[in-house]
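Visitor: Right, I'll just put the structure down here and ask away after.
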Amino acid sequence: AQTVTQSQPEMSVQEAETVTLSCTYDTSENNYYLFWYKQPPSRQMILVIRQEAYKQQNATENRFSVNFQKAAKSFSLKISDSQLGDTAMYFCAFMKYSGGGADGLTFGKGTHLIIQP
Amino acid sequence: GAVVSQHPSRVICKSGTSVKIECRSLDFQATTMFWYRQFPKQSLMLMATSNEGSKATYEQGVEKDKFLINHASLTLSTLTVTSAHPEDSSFYICSPRSTNEKLFFGSGTQLSVL
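Residue numbers (the numbering used here), protein chains in the order written: chain A, -4 to 112; chain B, 329 to 442.
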């Protein structure tokens, strides 16, 4: 079984600042994906960024980037030029993948990110 | 973009009654459906996985006779909470996986059992 750990229950930064959310995971699997999801007050899950474990290059999506350290089993999310709309719960998630398809996601406990005006 | 329709968005029921939650993929086929629940101020927990035309696989601690999952077609899956009790009150989210292995999420159903 795999575990996902987010050690920051809550973070608060000023608008336009850069913030990094941490995530570590534990698995014995070789084939997997890692995700960051955003959950605003509406509770709709929104994909922020996805990383395939076999790719060494860190994924980037506009203001969002990850620092994927496979050996250390670390997968942090960096948000640049933070905006008020970034205020939300952020969940790190792990998905095992095999030839038979993908398993469901294992989520961390989440980090509540607050962007202050 | 792909659309997932989950209904109802909110339901209140009396203890002992059954509630059905529907999840439809409107413009893609979902070969696999994942069902999660989220208690207040907690993370999402996987309840079960179903593949179209097959019986669902339940996670440890989830009662299969209480949470009935039907995935009879590639565009519709249902979760029925049978004989609901207050401890079943939670936010339930479906997550279909498309044939090209993309993951989506429904908008969730808040179940409140009185």
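For each residue, glycine too, the CB sits at the ideal point set by N, CA and C.
Compare the C-beta of A:Arg38 with all C-beta atoms of chain B and state if any pair is closer than 7 Å.
Guide: It does: the Cβ of A:Arg38 has a partner Cβ on chain B nearer than 7 Å.
Visitor: Cβ closer than 7 Å: which chain C residues qualify as neighbours of A:Phe59?
Guide: Absent here is chain C; the protein component of the structure consists of chains A and B.
Visitor: Are at least three pairs of beta-carbons, each pair with one atom in the stretch 43 to 60 of chain A and one in the stretch 100 to 110 of chain A, less than 8 Å apart?
Guide: Segments in contact, no.
Visitor: Does A:Gly80 get closer than 7 Å to chain B when you measure Cβ to Cβ?
Guide: So, not an interface residue.
Visitor: Contact criterion: CB-CB distance below 7 Å. Does B:Ser443 meet it with respect to chain A?
Guide: A query on residue 443 of chain B cannot be resolved here, the shown segment of chain B reaching from 329 to 442 and no further.
Visitor: Listed from N- to C-terminal order along the chain, which residues in the stretch 359 to 386 of chain B have their beta-carbon within a distance smaller than 7 Å of any beta-carbon of chain A?
Guide: Listed by position, the residues of the stretch 359 to 386 of chain B near chain A (Cβ gap below 7 Å) are Thr360, Phe362, Ser371, Leu372, Leu374, Thr377.
Visitor: Quick one, which residues of the stretch 416 to 428 of chain B are near chain A if we go by CB-CB under 9 Å, in chain order?
Guide: Residues passing the 9 Å Cβ filter: Phe419, Ile421, Ser423, Arg425.
Visitor: So, helix, strand or coil for A:Glu47, using DSSP?
Guide: Strand, per DSSP.
Visitor: Going by DSSP, what residue range makes up the beta strand (DSSP E) through A:Asn53?
Guide: Here A:Asn53 belongs to no beta strand (DSSP E), and DSSP marks it neither H nor E.
Visitor: Answer with buried or exposed for B:Pro424, where buried requires no fewer than 16 other C-beta atoms within 10 angstroms of its C-beta.
Guide: Buried is the call here.
Visitor: Between the Cα of A:Ala67 and the Cα atoms of A:Gln9, A:Ser93, A:Ser23, which residue gives the shortest distance?
Guide: When only C-alpha atoms are compared, the closest one is A:Ser23.
Visitor: Consider the Cβ of B:Gln405: report whether some Cβ of chain A lies at a distance smaller than 7 Å.
Guide: For clarity, residue 405 of chain B is Ser in the given sequence; the question names Gln instead. With 7 Å as the cut-off, B:Ser405 does not count as an interface residue toward chain A.
Visitor: Apart from the five residues just before and just after A:Leu42, which ones in its own chain have a Cβ nearer than 7 Å to its Cβ?
Guide: Once the five neighbours on either side are set aside, the close Cβ partners of A:Leu42 are Phe30, Tyr32.
Visitor: Give a yes or no on whether the C-beta atoms belonging to B:Ile349 and B:Ser440 are separated by under 7 Å.
Guide: Taking 7 Å as the Cβ cut-off, B:Ile349 and B:Ser440 do not qualify as a contacting pair.
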